[in-house]
Every structure is written in structure tokens, then in C-alpha cells.
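**Q** What follows is a structure written as C-alpha cells; I'll ask about it next.
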Amino acid sequence: EHPNHMVVSYVNTSAAVKALTDVVVTSSNALKIVKQLPEDQPILFGPDQNLGGYINKMTGRKMDLWNGGCHVHARFSEEGLLALKAQYPNAKVLAHPECKATILQHADVIGSTQALLNYAIANSLSPIANSQFIVVTECGILHEMQKACPEAHFIPVPAEDNSKLSCNECEYMRMCTLHNLHDCLLNESNEVLVAEEIAKDAILPIQRMLEMS
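So, in C-alpha cells, the structure goes:
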């Protein structure tokens, strides 16, 4: 359906999808890589429509966006965010670009998880630092933020369907437990096998990403 389009896929996709992709991206380098592509080159971007929509806004492009996204970032509550902004009027809002546009419009800083962590560290160390941060990404990062900035106050934004709870967690990330990791190392369990012909094609867009970033 899109024979003239270049395919740009998020790195969290299967090897089979990568094998059909021209270049893969992360949330950290997606904007940088898309900016390097010819302006007249049609692009099919997937699977995160929120990240793609953010890139379209920042670049003025009109990439065709796959109708899908991160279930965690898609369910943040705008109402919950506005309530926290009212409660903490001096706090900076740190948001991941995979959040919906309705969330990003209220953000002071938009960036990858690492970029948000770096911002918090830099601004917590500043003499005129604002020590309050409202964080709109998977709440597992709050531990790293608090560890790096012990004097700062980090406030998680709740999910739309779970507004009484303060933390929007990824249940799939929580499957990566120390017990399961130990089992993998000890027994080499849950091995993932990729067909050689798929692996051969899948490595190419990863190599191109590394060259462009």
C-alpha cells in the first residue's frame, strides 16, 4: 500500500518487522534520524503513533503513522496531570515523547527516559534549581531519579483508568525479575531463536541507525 515509502520502525519491534524496515530508531535518536532523511521522502513510521506525531510536529513532516503505541504512555491522565500542576505550581513537567499530544502540550521538557533523567540531575545541581518534578513516563525511572537527586521531589502522574493510584507501571517490565534473570543465566531458559534469513535482513536497519546516530 506504500511502495514508495521508507519504513522507520521503533527499536522495540520483532526481528521480522526489522527485516522489513529501512532504519530503526529509539526515543532518544528518532528525531535526529528523521531530520536526516530527505524532506521529499515519504515515510511509514511505526509502531508508536504518539512518538511519530511528536516528530511530525517538530519537523513539519507528514509521516504516515502506524496505529499503535506504548500502552503505558498512552494511558496517562491529562486530568491527573493538571491536578498535580495545580498542587505543585512550581514543578517542572518531564514527559516522554510517546505520551499523547494532550499530555505533551503541558510539558516543560520532552525527551527520552535518559534525557529526562539527565535534565533532573542537571537542574537539581543548579544553584537556582527547581527541586520539584512531575514525571510522565513509566514510573520505574523514579527510583533512578531519586537516587541521583536525593534532595529533589519527584511526582508520578497517574493513569486514566487508575487515577487513585500514583504510579503508572508497565506490567511487562515487571516480568523481568531477578528470579527470571537468574533462571536464564543458570538454565539458559526462554531462548529466542531467529531464522537466519530474517536475522540477516533485520541487522541492516540497526546498523543504519548506528551510522546515523
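In the numbering used here, the protein residues as written are 1403 to 1615.
Even glycine gets a Cβ: it sits at the ideal position worked out from N, Cα and C.
1. In angstroms with no decimal places, state the Cα-to-Cα distance between Y1521 and V1538.
2. With a threshold of 8 Å on Cβ separation, who are the neighbours of A1418 within its own chain once the five nearest residues in sequence on each side are excluded?
3. Give the DSSP-derived three-state secondary structure of S1411 in the structure shown.
4. Taking Cβ positions, are A1432 and L1453 nearer each other than 8 Å?
5. Sort out for me which residues DSSP pairs V1537 with in a bridge.
6. Please determine, among N1582, Q1507, C1501, the residue with the shortest C-alpha to C-alpha distance to S1514.
7. Give the C-beta separation of A1554 and L1519 to the nearest angstrom, bearing in mind that I take them to be a contact with Cβ-Cβ under 8 Å.
8. Tell me which same chain residues have a C-beta within less than 6 Å of the C-beta of P1444, skipping the five on either side of it?
9. Comparing alpha-carbon positions, which option in A1421, T1415, V1409 lies nearest E1598?
**A** With the given structure in hand:
1. 14 Å
2. I1600, A1604
3. strand
4. yes
5. L1496, P1558
6. C1501
7. With 8 Å as the limit, A1554 and L1519 do not qualify as a contact, their Cβ atoms being about 11 Å apart.
8. N1406, H1407
9. A1421
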